[in-house]
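Number of protein chains: 2
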Amino acid sequence: MNIPDFEDVRAAHMRILPHIHRTPVLTSSYLSHLSGARLFFKCENLQKVGAFKARGACNAVFGLSDADAARGVATHSSGNHAAALCYAAAARGIDATVVMPRNAPAAKKAAVRSYGGRIIECEPTQAAREAALAQVIAENGADVVHPYDDPRVIAGQATCALEMIEDIDDLDAVVAPIGGGGLISGTCLALSTLSPETRIYAAEPENADDAYRSFHAGEIVLQDAQQSVADGLKTNLKPRTWHFVSRYVTDVLLASETEILDAMYLTWERMKIIIEPSSAVPLAIILKNQELFRDQRVGVIITGGNVDIRHCPGCK
Amino acid sequence: MNIPDFEDVRAAHMRILPHIHRTPVLTSSYLSHLSGARLFFKCENLQKVGAFKARGACNAVFGLSDADAARGVATHSSGNHAAALCYAAAARGIDATVVMPRNAPAAKKAAVRSYGGRIIECEPTQAAREAALAQVIAENGADVVHPYDDPRVIAGQATCALEMIEDIDDLDAVVAPIGGGGLISGTCLALSTLSPETRIYAAEPENADDAYRSFHAGEIVLQDAQQSVADGLKTNLKPRTWHFVSRYVTDVLLASETEILDAMYLTWERMKIIIEPSSAVPLAIILKNQELFRDQRVGVIITGGNVDIRHCPGCK
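Chains as they are written, first to last, in this note's numbering: chain A, 104 to 419; chain F, 104 to 419.
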């Protein structure tokens with residue numbers, strides 16, 4: 104199993120810099136006061152394609168040889184990785200094919216199409232996604248870029264924490280959402296070298312708590328067809344991401360659907376940024392576990408902003 | 104009539120720096136492509152209190168002598184200036200009283216209260232506001248900080264364009280909304296010294312077109328009780344802001360209510376930031392006057408993000 108190391112992260116950052124935004128780290132006196140901590144929000148919702156996924160996708164696509172690139176790239180994804188891969192492929196001038204669940208948000212499908220990607224729809228289960236993808240590969244020999252179980256993607260996602268550590272000193276903790284574990288793995292990879300004292304918390308919906316169960320069981324627990332408003336976090340860990348989660352994550356903390364939506368709207372209202380439900384899980388767990396973070400400097404990774412705002416979930 | 108000069112702008116920036124955010128300048132490939140120009144968005148929606156008004160208010164409050172400050176400050180405002188003045192007053196530890204129209208958005212009233220300000224409600228006309236304010240002054244001798252007809256406020260608002268010019272070279276044009284003209288006056292003040300070749304466009308709702316009519320009449324045209332979804336832009340020019348508008352503004356351009364809301368949601372969706380309707384007028388006029396900006400570097404001032412997002416206007 105190919106596990107990326109910190110040199111891969113440095114190489115990824117150099118490779119992707121021309122194709123990504125250096126996203127700002129924002130603060131909110133109100134949210135810091137409310138939480139009792141000092142919060143620093145790394146705003147990947149302001150990233151290319153509206154999500155940190157641009158980092159891993161660009162690292163994978165721009166690391167391909169010309170011969171491999173010519174056959175195009177393909178993936179299955181809940182949405183942001185798909186858009187990101189199409190963005191990266193378009194930037195390099197190659198084809199991208201995406202297998203997506205038919206119930207993925209319209210905004211995410213539209214984003215894929217807007218970057219010139221080809222969409223193949225499937226049923227919303229992991230098994231259906233993988234079968235459809237295998238068929239695509241058989242047809243055109245595309246390079247498969249998995250949304251998280253790929254060392255190139257993990258090294259790319261690690262550049263987010265790398266930049267945060269460059270911008271903000273002395274973080275006591277970093278909180279990031281966990282789905283399949285690509286972002287958390289990258290965060291572990293960067294912080295274990297650059298700031299090994301910083302605690303790493305993975306934030307997960309109660310309704311999609313496979314990582315929480317895995318963490319407490321000491322091995323990967325699989326759960327199919329998880330349903331949460333945090334639609335980016337319904338996937339399961341893989342051995343490559345479990346490698347990082349099991350070694351470097353301090354704890355996995357859970358938030359309910361209501362807590363996630365409350366934190367999302369609170370962020371919209373007070374920070375004036377659009378974040379998707381998945382991105383609100385870290386703030387939700389910080390607000391409900393204040394004793395863990397009181398008076399500490401806490402980095403929060405805002406992972407994306409792709410949500411159907413005119414039909415926003417739970418909107419009054 | 105006291106007209107601020109560029110030295111006042113430099114002094115204002117030094118004075119307010121500890122109390123404001125250095126807001127980021129964001130770009131969007133999508134919106135640049137759509138407009139045919141290269142757009143740079145100075146994001147004052149991410150400013151303290153969610154609006155550029157924090158700049159002028161802080162400059163006024165922190166420039167007061169201790170004796171004057173002790174009597175507190177007061178204003179009438181459509182909202183953002185009110186919240187900003189309360190923020191600045193709280194930061195200095197003094198009282199703030201605010202006269203607000205009773206139909207001001209709930210989010211803006213809540214913001215004033217959250218900063219410890221005292222609200223006195225009045226009818227939504229300029230005359231009613233001014234009468235109520237006169238009564239407040241008679242009672243406590245507070246220093247009145249007008250939302251735009253005040254040299255301290257204009258010098259403070261000018262720091263927004265100052266920062267934008269520091270961050271972005273060679274802007275061909277800057278587009279900012281116009282209500283009473285405080286931000287545009289400050290923009291004129293900064294650019295006429297720092298970048299005199301940069302054209303300055305004022306963006307105004309068709310439904311509140313007093314500045315447009317003034318510009319074409321060559322003198323201030325007053326219109327009472329203007330109604331627009333861009334609620335920050337319903338006020339009239341004053342001689343002090345007309346001084347700048349008449350000398351330095353290239354043109355005043357208009358957008359319809361629908362165009363404003365379309366530009367607002369487009370910005371939410373593509374830039375992942377919450378902007379209020381007033382802040383969408385510049386993008387609306389850029390999109391409908393593409394021949395003026397084609398292939399040019401255009402600065403856009405996003406003035407604020409205070410909007411009731413759960414009851415957003417025109418939301419489907």
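Each residue gets a CB set at the ideal place from its N, CA and C atoms; glycine is no exception.
Q: Specify the secondary structure class of MET117/F as computed by DSSP and reduced to three states.
A: helix
Q | Range covered by the alpha helix (DSSP H) that runs through LEU413/A | A | The question names Leu, but residue 413/A in the sequence shown is Arg. Unbroken run through ARG413/A: none, as it is neither H nor E.
Q) Any C-beta of chain F sitting closer than 7 angstroms to the C-beta of GLY408/A? A) yes
Q. Is ALA177/F closer than 7 angstroms to VAL239/F when the C-beta atoms are compared?
A. yes
Q: Report yes or no: is there a C-beta of chain F within less than 7 angstroms of the C-beta of LYS211/A?
A: no
Q. Taking a cut of 7 angstroms between CB atoms, which residues from the stretch 120-141 of chain A lie near chain D?
A. Structure shown: chain D not included; protein chains present are A and F.
Q: Starting from the Cα of ASP111/A, find the closest Cα among GLY289/A, ASP313/A, SER382/A and give me that residue.
A: GLY289/A
Q: With DSSP collapsed to three states, give me the class of LYS156/F.
A: helix
Q. I think ASP312/F touches LEU325/F, with their Cβ atoms under 8 angstroms apart; what is that distance to the nearest whole Å?
A. Not confirmed; about 12 angstroms, so no contact.
Q. Is there a Cβ from chain F that is less than 7 angstroms from the Cβ of CYS291/A?
A. no
Q) Hey, quick one: how far does the alpha helix (DSSP H) through GLU362/F stretch, first residue to last? A) 360-374
Q. In chain F, what lies closer than 7 angstroms to GLU372/A by C-beta?
A. ILE412
(Q) I need the straight-line Cα distance from LYS419/A to ILE197/A, nearest angstrom please. (A) Bear in mind that the predicted position of LYS419/A carries a pLDDT of just 42, short of 50, making it too unreliable to give a figure here.
Q: Grab me the residues of SER295/A's own chain with a C-beta within less than 7 angstroms of its C-beta, minus the 5 sequence neighbours each way, in chain order.
A: TYR351
**Q.** Interface partners of TYR368/F on chain A, CB under 8 angstroms
**A.** ILE412, ARG413
Q) Can you find a CB in chain A that lies within less than 7 angstroms of the CB of LEU149/F? A) yes
Q: Give, in chain order, every residue of the stretch 243-273 of chain F whose Cβ lies closer than 7 angstroms to some Cβ of chain A.
A: none
Q | ILE303/A, DSSP secondary structure in three states | A | strand
Q) Are the C-beta of ILE222/A and some C-beta of chain F separated by less than 7 angstroms? A) no
Q | Rounded straight-line distance, which links the Cα of ASP275/F to that of GLU300/F | A | 7 angstroms
Q: Go through its chain and collect everything with a Cβ distance to HIS122/F's Cβ below 6 angstroms, but skip five positions before and after it.
A: CYS161, ALA194
Q. Taking 7 angstroms as the CB-CB cut-off, is LYS375/F touching chain A?
A. yes
(Q) To the nearest angstrom, how far is the alpha carbon of ALA157/F from that of ALA187/F? (A) 5 angstroms
Q: Consider the Cβ of GLY219/F: report whether some Cβ of chain A lies at a distance smaller than 7 angstroms.
A: no
**Q.** Where MET203/A sits in the DSSP three-state scheme
**A.** strand
Q. Three or more C-beta pairs closer than 8 angstroms, one from the stretch 260-278 of chain A and one from the stretch 316-330 of chain A: is that the case here?
A. no
Q) In three-state DSSP terms, what is LEU124/F? A) Sequence inspection shows His at residue 124/F; the Leu mentioned does not correspond to that position. Looking at HIS124/F - three-state DSSP - the assignment turns out to be coil, as it is neither helix nor strand.
Q) Mind pulling the chain A residues with CB within less than 7 angstroms of GLY153/F? A) LYS375
Q | Boundaries (first-last residue) of the beta strand (DSSP E) holding ALA177/F | A | 176-179
Q. Which stretch, first to last residue, makes up the alpha helix (DSSP H) that contains GLY259/A?
A. 254-270
Q | Extent of the continuous alpha helix (DSSP H) run through ARG397/F | A | First-last for ARG397/F: undefined, no H or E at that position.
Q. Since PHE144/A contacts VAL403/A with CB under 8 angstroms, what's their CB separation in whole angstroms?
A. 5 angstroms
Q. So, helix, strand or coil for ALA279/A, using DSSP?
A. strand
Q. How should ILE378/A be labelled, buried or exposed, when 16 other C-beta atoms within 10 angstroms of its C-beta is the threshold for buried?
A. buried
**Q.** Candidates SER131/A, ASN148/A, SER138/A, MET117/A, of which the one nearest PHE165/A by Cα
**A.** MET117/A
Q. In terms of residue numbering, what span does the alpha helix (DSSP H) encompassing LEU390/F cover?
A. 380-391
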